[in-house]
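Below you'll find the structure, written out as structure tokens, and then a few comments.
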Amino acid sequence: MSDYTMVKESPLGGAEHEFDGVTVSEVVDQSLVMIAMPNGEAENIEAAMNKACGLSVPAMGQSTQSSDGSVTLWRLQKNQVMAYYAYEGDDAEANIAERIDAPSAYYTDQSDTWAMIRVSGERSRDILERICPIDLDPNVFTLGSVSRTIMEHIGTVIYRDGDDSYVLLTMRSFGRSMLHAIEVSVENVL
Amino acid sequence: MIINHPLLGPRDSEEFVYLGSADLINRPTNWESEEAAEDFYQYLYIRENIAGDNRELWYHEQGDQSWLVVTRCTLTHEIKSVELAQDVSRAQGRSK
Numbered sequence: 022m023s024d025y026t027m028v029k030e031s032p033l034g035g036a037e038h039e040f041d042g043v044t045v046s047e048v049v050d051q052s053l054v055m056i057a058m059p060n061g062e063a064e065n066i067e068a069a070m071n072k073a074c075g076l077s078v079p080a081m082g083q084s085t086q087s088s089d090g091s092v093t094l095w096r097l098q099k100n101q102v103m104a105y106y107a108y109e110g111d112d113a114e115a116n117i118a119e120r121i122d123a124p125s126a127y128y129t130d131q132s133d134t135w136a137m138i139r140v141s142g143e144r145s146r147d148i149l150e151r152i153c154p155i156d157l158d159p160n161v162f163t164l165g166s167v168s169r170t171i172m173e174h175i176g177t178v179i180y181r182d183g184d185d186s187y188v189l190l191t192m193r194s195f196g197r198s199m200l201h202a203i204e205v206s207v208e209n210v211l
Numbered sequence: 005m006i007i008n009h010p011l012l013g014p015r016d017s018e019e020f021v022y023l024g025s026a027d028l029i030n031r032p033t034n035w036e037s038e039e040a041a042e043d044f045y046q047y048l049y050i051r052e053n054i055a056g057d058n059r060e061l062w063y064h065e066q067g068d069q070s071w072l073v074v075t076r077c078t079l080t081h082e083i084k085s086v087e088l089a090q091d092v093s094r095a096q097g098r099s100k
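Respectively, the protein sequence lines represent chains A and B.
Be aware that the first sequence starts at 22, since it is given in our numbering, and climbs by one per residue.
Be aware that the second sequence starts at 5, since it is given in our numbering, and climbs by one per residue.
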């Protein structure tokens, strides 16, 4: 019998495309872990993570950062937060559980289930406004805002990680469709 | 059509799916009683056809997956209020 070995591969193979005024690139260096907060535990969890690394639970649709800036928390639902942070190991769940140090929370590694695409550059909003139903006005969707919505019929999380930089997350199997939708929007706009 | 989500702000109706009357929250609990058949018949099939404000259930499928009770005028499609179904249910004395 043959010996098979698993080869690690990102959902889009590290795709990167430069256009005039906008760059579309896959995000490959970030992990994503869901942190569920059981009923009645939210305050304890927040106190523990605040003590461990200066994190607080963000308001809905917003994000917070740890005191050293290495971990970002997103709030998309009432009873959970998502930890988005630079980590390329295979044990993100254990790693973040140790860093946040809140044992009553439930951690689920979702890093490999999402395709992450960054759309950045001075024309990024022009590209995104064609496909995104969320109001992306810089004063409305402020730096650090995060939202789950639908783009080209694909469920998408959008996170603003810079003045002219947005990260889009879709389910891994929809990654290529999302990349195509963005590229079509680029063709239409530029 | 824009639905003003109580937690997330204004959202396009494309993100939501419609279920039906908010009466569907009040599922009969007396399934062992004599009246159960009649009560479930009423619960499942009998609806008022309201020309005016109608309370209905919407699901934010492409969003935070919350259930909402939306009060919509069937004559004008104006949305008059949006509440979390969870809050409506708790206000009626349920635990969840």
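For glycine and all other residues, C-beta sits at the position ideal for the given N, C-alpha and C.
The alpha helix (DSSP H) that contains residue i, what's its start and end?
i                      : result
residue 84 of chain B  : Note, residue 84 of chain B: premise wrong, no alpha helix (DSSP H); beta strand (DSSP E) at 83-88.
residue 179 of chain A : Residue 179 of chain A -> not in any alpha helix (DSSP H); beta strand (DSSP E) instead, spanning 175-183.
residue 5 of chain B   : Looking at the DSSP string, residue 5 of chain B is not in any alpha helix (DSSP H), and its letter there is neither H nor E.
residue 201 of chain A : 196-210
residue 47 of chain A  : Note, residue 47 of chain A: premise wrong, no alpha helix (DSSP H); beta strand (DSSP E) at 43-47.
residue 46 of chain B  : 40-49
residue 66 of chain A  : 63-74
Taking the beta strand (DSSP E) that residue i falls in, what are its first and last residues?
i                      : result
residue 101 of chain A : 101-107
residue 57 of chain A  : 51-57
residue 40 of chain A  : 37-40
residue 22 of chain B  : 21-25
residue 96 of chain A  : 92-98
Using CA atoms only, rank isn't needed, just tell me which of the options is closest to residue i.
i                      : options                    : result
residue 60 of chain A  : A:77, A:125, A:148         : A:125
residue 1 of chain B   : A:107, A:48, A:45, A:80    : Only positions 5 to 100 of chain B appear in this structure, which leaves residue 1 of chain B out of reach.
residue 29 of chain A  : A:74, A:44, A:109          : A:109
residue 127 of chain A : A:201, A:136, A:144, A:102 : A:102
residue 66 of chain A  : A:138, A:187, A:120, A:175 : A:120
residue 52 of chain B  : B:81, B:33, B:74, B:25     : B:25
residue 106 of chain A : A:133, A:134, A:54         : A:54
residue 191 of chain A : A:133, A:159, A:95         : A:133
residue 6 of chain B   : B:38, B:75, B:40           : B:75
residue 143 of chain A : A:41, A:200, A:85, A:71    : A:41
residue 71 of chain A  : A:146, A:100, A:94         : A:94
residue 63 of chain B  : B:50, B:44, B:49, B:86     : B:86
residue 27 of chain B  : B:14, B:34, B:46, B:36     : B:46
residue 163 of chain A : A:172, A:24, A:177, A:187  : A:187
residue 116 of chain A : A:68, A:52, A:150          : A:52
residue 17 of chain B  : B:72, B:94, B:99           : B:72
residue 168 of chain A : A:98, A:185, A:211         : A:98
residue 30 of chain B  : B:70, B:84, B:59, B:8      : B:59
Does DSSP classify residue i as helix, strand or coil?
i                      : result
residue 131 of chain A : coil
residue 16 of chain B  : strand
residue 117 of chain A : helix
residue 95 of chain B  : helix
residue 111 of chain A : coil
residue 146 of chain A : helix
residue 152 of chain A : coil
residue 164 of chain A : coil
residue 28 of chain B  : helix
Please name the residue or residues paired with residue i in a DSSP beta bridge.
i                      : result
residue 10 of chain B  : Answer is none; residue 10 of chain B lacks a bridge partner.
residue 58 of chain B  : B:76
residue 186 of chain A : A:141, A:183
residue 169 of chain A : A:178
residue 71 of chain B  : B:63
residue 85 of chain A  : A:94
residue 191 of chain A : A:136, A:177
Within this structure, are the beta carbons of residue i and residue j separated by less than 8 angstroms?
i                      : j                      : result
residue 77 of chain A  : residue 49 of chain A  : no
residue 104 of chain A : residue 56 of chain A  : yes
residue 37 of chain A  : residue 47 of chain A  : yes
residue 82 of chain B  : residue 21 of chain B  : no
residue 80 of chain B  : residue 54 of chain B  : no
residue 23 of chain B  : residue 61 of chain B  : yes
residue 155 of chain A : residue 179 of chain A : yes
residue 19 of chain B  : residue 170 of chain A : yes
residue 96 of chain A  : residue 83 of chain A  : yes
residue 140 of chain A : residue 43 of chain A  : yes
residue 58 of chain A  : residue 136 of chain A : no
residue 15 of chain B  : residue 67 of chain B  : yes
residue 146 of chain A : residue 206 of chain A : no
Under 7 angstroms: does the beta carbon of residue i sit that close to some heavy atom of the ligand GTP?
i                     : result
residue 64 of chain B : For the ligand GTP, the structure offers nothing, since it holds no ligand at all.
Name the chain E residues that come within less than 8 angstroms of residue i, Cβ to Cβ?
i                     : result
residue 19 of chain B : Absence of chain E from the displayed structure is noted, the protein chains being A and B.
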